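One structure is given here, and the rest of the page talks about it.
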Amino acid sequence: MNSLIEQHRSTSIRQRHFLNMTQSQTGRVQSSLSNLDNCSVIQKELIHKLVKTLKSGQNKKCKENKSKQPKSRSQLNSGQKQRMLEDRLHKLEIANSPTYGSKNRRTFNQTLPHISQDKYKSFKMLQFLGKGRYSNVHLAVDENTNYHVALKVMRKQQICSMSQSIAQEIKIQYLLNHPNIVKLYTFFQNTDEIVLVLEYCPQGQIHKILKSLPECCFPEELASSYIKQILSALVYLHRNGIIHRDLKPENIFLCYNQVKIADFTYSVYSPQDERQTQCGSLAYLSPEIIRGENYDKSTDMWSLGVLAYELCCGETPWEDLRQDEMQQMIQDGTIKLPNSFSDELKDFISKLVTADSKMRMTAKQAINHPWVQQSEIQLSKFEFNI
């Protein structure tokens, strides 16, 4: 285990923070790397400190708002659930994607570079990229290395009631290493903020790209290529017991025609047990989640089917419906497929968007479906002016 930790510190951090840098650029950052290694702390302890900081930073207004909210089923015994999750995650070793080789395996026992608060000053903000419910995202450049990243900045005051979810997001995403998942390089915090240093995807959200197209949808051959890449990530996640729980165009990014899944706020590590917590976006929720029933990784496959529909049609299967109508159609598994869809696409979606979760294709089965397998195209012929 110690050799694994040392190997990760000496190779993986360098590869991930300075990917695609020239040799001349690499030479300029050797001192920075040395400092990072010297400032390393145990990841688990660091994240525990983060949770403690968030909890202690709750102001009176936040406490009052939290006390007024009804206690949901998902909040019951939350401390016990978190301890169980901690134990499982502590033992978890996620195998690296075959693309990167097996030598870079990571565990929660590895060290995580803790960048000091002064490190924030080394980032120059270049552009505002977007705003989420609890965060702002900026394009920034590290002036010491000239490396571009996306900084996800979260105000502690706004996320005081989500300390466990934020810590869980960091735990899960930091472990992941797959070409179709947005990389979390590291994170740091100051008095008021938590900052995630993420891989920058220049072409942005699939959602925005869709809306910018005249037809508001992709050609099937391009959509199938994107779905294939998403499936590659899902095979990896599900193999390691992780359910994303919020697949939608807003959480899929494009980086030079390479698709990447982002936002692991609602993700959970659940290798065997079924889940019951309701989360995600309604249009992509599976019937079992809406009904409040137990669910597993097959819920991601339902969301993938809805996503494939939207990529090829420009809207979800239940667009313009009232919320109660949408919920009923989802629970019934009612879906009408456009005549413009190919037979292969219709078959692909129908085997995912089905009310019986046991009848849905797994990620491994879906990636071998004929509609996905025919996606061997030259992506460079598709260009988007964003």
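Heads up, the final residue of the sequence shown is numbered 386 in UniProt numbering, and it's a clean run with no missing numbers.
Positions of the beta carbon are idealized from the N, C-alpha and C atoms, including for glycine.
From a predicted model like this one, the values you see are computed outputs, not experimental measurements.
query, result
"Quick one: measure Cβ to Cβ for Phe253 and Gly204, integer angstroms, because I've assumed they're closer than 8 Å.", "6 Å"
"Given that a residue counts as buried once 16 or more other Cβ atoms are within 10 Å of its Cβ, and exposed if not, what is Lys211?", "exposed"
"From Ser224 to Ala363, what does the alpha carbon distance come to, in whole angstroms?", "14 Å"
"What's the C-alpha gap between Ser232 and Met301?", "12 Å"
"Along the beta strand (DSSP E) that carries Leu345, what are the first and last residues, could you check?", "Here Leu345 belongs to no beta strand (DSSP E); instead the alpha helix (DSSP H) covers 343–350."
"What are the boundary residues of the beta strand (DSSP E) that includes Gly333?", "No beta strand (DSSP E) holds Gly333; DSSP gives it neither H nor E."
"With Met361 as the anchor, note down where its alpha helix (DSSP H) starts and where it stops.", "Unbroken run through Met361: none, as it is neither H nor E."
"Excluding the five sequence neighbours on either side, which residues of its own chain have a C-beta within less than 6 Å of the C-beta of Tyr309, listed in chain order?", "Pro317, Ile349"
"Closer than 8 Å by C-beta to Leu311: which residues in its own chain qualify, once you throw out the five before and the five after it? Chain order, please.", "Ile206, Leu210, Cys217, Phe218, Ala223, Tyr226, Ile227, Pro249"
"Are the stretch 183–190 and the stretch 235–246 touching, with three or more C-beta to C-beta distances below 8 Å?", "no"
"Locate the alpha helix (DSSP H) running through Leu234, then write down its first and last residues.", "220–239"
"Looking only at its chain, what residues have a beta carbon closer than 7 Å to the beta carbon of Cys255, apart from the 5 residues adjacent to it on each side?", "Cys201, Pro202, Gln203"
"So the candidates are Ala167, Leu175, Gln127; which of them puts its Cα closest to the Cα of His148?", "Gln127"
"Just mark Glu319 as buried or exposed, buried being the case when its beta carbon has 16 or more other beta carbons within 10 Å.", "exposed"
"Closer than 8 Å by C-beta to Val372: which residues in its own chain qualify, once you throw out the five before and the five after it? Chain order, please.", "Ser224, Ile227, Lys228, Leu231, Phe348, Ala366"
"CA-CA distance, Leu129 and Thr299?", "29 Å"
"Quick check on the burial criterion: 16 or more other C-beta atoms within 10 angstroms. Buried or exposed for Thr354?", "buried"
"What does DSSP give as the partner residue(s) for Asn136 in the beta ladder?", "Lys131, Val153"
"When we look at the beta-carbon of Ser135 and count the other beta-carbons within 10 Å, is it buried (16 or more) or exposed?", "buried"
"Is it buried or exposed, Met361, if we count other Cβ atoms within 10 angstroms and call 16 or more buried?", "buried"
"Would you kindly work out how many angstroms separate the C-alpha atoms of Glu193 and Gln158, rounded to a whole number?", "10 Å"
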